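Asks:
Protein chains in written order, with my numbering: chain A, 1 to 236; chain B, 1001 to 1233.
1) Can we say the region 1214-1227 of chain B touches the region 1091-1099 of chain B, given the rule of at least three CB pairs closer than 8 Å?
2) Of the choices B/1080, B/1059 and B/1021, whose alpha-carbon is the least far from that of residue 1044 of chain B?
3) Can you tell me which of the three DSSP states residue 65 of chain A falls into?
4) In the DSSP assignment, find the unbroken alpha helix (DSSP H) run with residue 133 of chain A in it and report its ends.
5) Compute the distance between the beta-carbons of residue 1168 of chain B and residue 1069 of chain B, then report whether it is under 8 Å.
6) My understanding is that residue 1082 of chain B touches residue 1110 of chain B, with C-beta atoms under 8 Å, so please give their C-beta distance in whole angstroms.
7) Taking 8 Å as the threshold (beta carbon to beta carbon), is residue 183 of chain A in contact with chain B?
8) Below 7 Å CB to CB, which residues in the same chain sit around residue 32 of chain A once its five sequence neighbours on both sides are set aside?
9) Quick one: complete alpha helix (DSSP H) runs, 4+ long, within the region 45-105 of chain A?
10) So residue 1187 of chain B packs on residue 150 of chain A, CB below 8 Å; how close in whole Å?
11) Is the shortest distance between the beta-carbon of residue 162 of chain A and the beta-carbons of chain B less than 8 Å?
12) To the nearest angstrom, how far is the alpha carbon of residue 81 of chain A from that of residue 1128 of chain B?
13) Give the straight-line distance between the Cα atoms of residue 85 of chain A and residue 1011 of chain B, rounded to the nearest whole angstrom.
14) What are the start and end residues of the alpha helix (DSSP H) that includes residue 1232 of chain B?
15) Along the chain, where does the alpha helix (DSSP H) that runs through residue 216 of chain A open and close?
16) Would a check of beta-carbon distances place residue 1075 of chain B closer than 8 Å to chain A?
17) Might you give, ordered along the chain, the residues of its own chain that have their beta carbon closer than 6 Å to the beta carbon of residue 73 of chain A, omitting 5 neighbours on each side?
18) Please confirm whether residue 1162 of chain B has its beta-carbon closer than 8 Å to some beta-carbon of chain A.
19) Would you say residue 1183 of chain B faces chain A, with C-beta separation under 8 Å as the test?
20) One question on the structure: do residue 1209 of chain B and residue 1126 of chain B come within less than 8 Å of each other, judged by their Cβ atoms?
21) If you draw a straight line from the C-alpha of residue 1170 of chain B to the C-alpha of residue 143 of chain A, how long is it?
22) Looking at C-beta atoms only, is the number of pairs between the region 95-115 of chain A and the region 134-141 of chain A that lie closer than 8 Å three or more?
23) So, using beta-carbon positions, are residue 77 of chain A and residue 55 of chain A closer together than 8 Å?
24) How many Å lie between residue 1067 of chain B and residue 1061 of chain B at the Cα?
25) Hey, residue 1205 of chain B and residue 1133 of chain B: beta-carbon distance below 8 Å or not?
26) Tell me, please, whether the CB atom of residue 15 of chain A is closer than 8 Å to any CB atom in chain B?
27) Assuming residue 115 of chain A is part of the alpha helix (DSSP H), what are its boundary residues?
28) Determine the DSSP secondary structure at residue 1058 of chain B, reduced to helix, strand or coil.
29) Which ranges does the alpha helix (DSSP H) cover as unbroken runs of at least 4 residues, wholly within the region 1142-1204 of chain B, from first to last along the chain?
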């Protein structure tokens, strides 16, 4: 079943890439062929926000039931969220270079995604300074939940409070879609594909984290049978 | 009818008990500060020194409301973090956190700390904003400045208090407060800078104030939900 799902995802993404790069005619003034980056830029930003929402959800669940699995899932989601945020920043900088003449010009949307990166980099820093597994997971879960409060403000509110050169996003206050139909279709397909890609990467990443945790617990128990059992504390 | 009145009376009794508990904890913070006389003096000295240095360094920017507002916001943030970082670290160092855990409800503790933090940040605003304006020879719309500073103090305190509680649980907590709080306070700083620039240019700042208040309310709400895990965990 997983193989079938993966096959469908692979075919879907191949179709999206082909359509985005070769099949769909793009018509965005001033961007030319670079407008095709939009098919990857928008989904990466979308997936970053989804990843942070997933992290907040699993962190909250961790606080409720203290299952190490939830902590691994939250950590995996934050790591992927950071990865997709970097991709969104880089693709955005490429678009900015062509349209505004420079890679970085402190546009509210550019700045918002950078702030998201900083917030979740602090999450990783917090995990880095705590040695005890349970304490680390609990503190990180609290921070991830609090950090998600800032996300809607950074993604939806601040960019609308200050003047921006950024094109109107697909979800905009006017409730209108400023895009040709074929482009929109590919963009929506890309959004779905990237969301599936995130789900797949997330399932791999948290299972790896679970294996790593089990392996280090096994090593601790091997070195110090009593202390190892005490130190790990949690069951996956 | 009697049932509704009874429910209302129970609700009033519970609210009153809740307010009494928060008031008692707030009083503990204030009397603790009055007795120790360390943290407040330290924070206000830091705020004043930073203001004088920043005002001297940014004299050439004084004509630009955006730049002046940004400098002022940074002073407010760092001075507030110096003070708010002690909210929980002080309890851990003095060994009073154990007593608090035994005697007080975590939500009451958190709300009292946010109120105290808001007052502290407000005091810092009261000192630094007029000092910076006088030193740089700037004029501001007083009503707008008070509105922005009040909302910013609340919003900043609500974001930093939870981070201070987190940092109290880790090694080198003092440094961690800034690391954790700065990213979470970025929306507050961004908007405060915009609001102060508006106050300096005498343009409406209601959007900024509304943003700061709503961010603060959401942070307090999330803090009320999350702090008990941190306190009891």
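Glycine included, C-beta positions come from ideal geometry on N, C-alpha and C.
This structure is a prediction, so every number in the text was calculated from the model and none was measured.
Replies: Let me spell this out:
1) no
2) B/1080
3) helix
4) 133-152
5) It is not a contact, given that the beta carbons lie outside the stated cut-off.
6) Not a contact, Cβ separation roughly 20 Å.
7) no
8) So the list is empty, once near-sequence residues are dropped.
9) 68-100
10) By a beta-carbon distance limit of 8 Å, residue 1187 of chain B contacts residue 150 of chain A. Their separation comes to about 6 Å.
11) yes
12) 38 Å
13) 46 Å
14) 1206-1232
15) 181-223
16) no
17) 58 and 206
18) yes
19) yes
20) no
21) 13 Å
22) no
23) yes
24) 6 Å
25) Their beta carbons are not under 8 Å apart, which means residue 1205 of chain B does not touch residue 1133 of chain B by this criterion.
26) no
27) 108-129 is the span of the alpha helix (DSSP H), which, as asked, contains residue 115 of chain A.
28) coil
29) 1142-1167 and 1173-1201
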